[in-house]
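For reference, the structure discussed in these notes is given below.
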Amino acid sequence: MSITYRPYAGPSDLPSVMALVEHELSEPYVIYTYRYFLNGWPHLAYMAESPSPSCSGKAEPVGCIVCKQDAHGPALRGYIAMLSVSRQFRRQGIGAKLARLAIGRMKSEGADEVMLETEYDNASALRLYESLGFIREKRLFRFYLNGKDAFRLVLAPAVAEGERERETGGKGKGGS
């Protein structure tokens with residue numbers, strides 16, 4: 124089964140993003156939260172799709188990532204707000220690929236760091252983010268509405284640079 128990845132296509136993708144996040148993440152979000160991120164930074168959102176099991180030819184959304192990027196003091200900070208993959212499609216590298224797409228875009232736009240929060244006991248999310256080079260910066264007590272703690276994770280800039288060098292074959296940003 125071939126998964127395809129594409130940029131967020133605008134309001135027509137909003138119901139799919141909402142459904143993925145509502146079914147797979149514990150934190151409830153209101154429509155305004157989605158609109159804040161997706162209207163402000165649509166270029167930092169990506170979709171993962173699987174061919175439809177029916178013969179309709181329409182792809183089925185199986186994952187999404189929603190991010191933002193803005194100034195944080197003198198630094199430009201990228202932020203992963205939501206990353207969701209349908210349960211039956213997990214452990215196939217979809218979340219990692221979505222994260223790499225978004226991180227790559229944020230870095231190409233000058234992000235000095237990328238951060239996120241995840242539940243302190245979400246072992247699979249922690250494993251994913253740490254495999255991408257994120258480090259645990261701080262435990263945030265009772266961070267989520269369900270009362271759970273979170274870890275704030277930050278992508279070390281040197282790790283992100285190493286990722287870029289591996290992707291470009293050590294040729295840096297220009298890729299010459």
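All residue numbers for the sequence shown refer to the numbering used here, where the first residue is 124 and numbers rise by one. Cβ atoms here follow ideal geometry from the backbone N, Cα and C, with glycine treated the same way. Remember, predicted model here, so these are calculated numbers, not experimental data.
Contact under 8 Å by Cβ, A171 with V185: yes
Y202 beta carbon less than 8 Å from that of Y169: no
Residue interval of the beta strand (DSSP E) (run including L278): A273 to L278
Distance, Q211 Cα to M238 Cα: 27 Å
Cβ-based burial, G133 [other Cβ within 10 Å; buried from 16]: exposed
Supposed contact pair R262 and Y243 - C-beta distance, whole angstroms, cut 8 Å: 6 Å
Among F160, G216 and A198, the one whose alpha carbon lies nearest that of S125: G216
Distance, E240 Cα to C190 Cα: 12 Å
Start-to-end residues for the alpha helix (DSSP H) that takes in L137: L137 to E147
Contact check, L276 vs E236, beta carbons under 8 Å: no
Inter-residue CB distance, L167 and Q192 (contact presumed, cutoff 8 Å): 6 Å
Beta-carbon contacts of R129 that lie in its chain and below 6 Å, excluding the five residues immediately before and after: M170
Bounding residues of the beta strand (DSSP E) (the contiguous stretch that carries S207): A198 to V208
Option nearest L255 by Cα separation, candidates S173, L143 and L221: L221
Simplified DSSP assignment, three categories, for K261: strand
Proximity to Y252 [Cα-Cα], best of F274, R265 and N269: F274
C-alpha gap between P165 and M205, whole angstroms: 13 Å
When D272, H146 and P174 are compared against S207, the one with the closest alpha-carbon: H146
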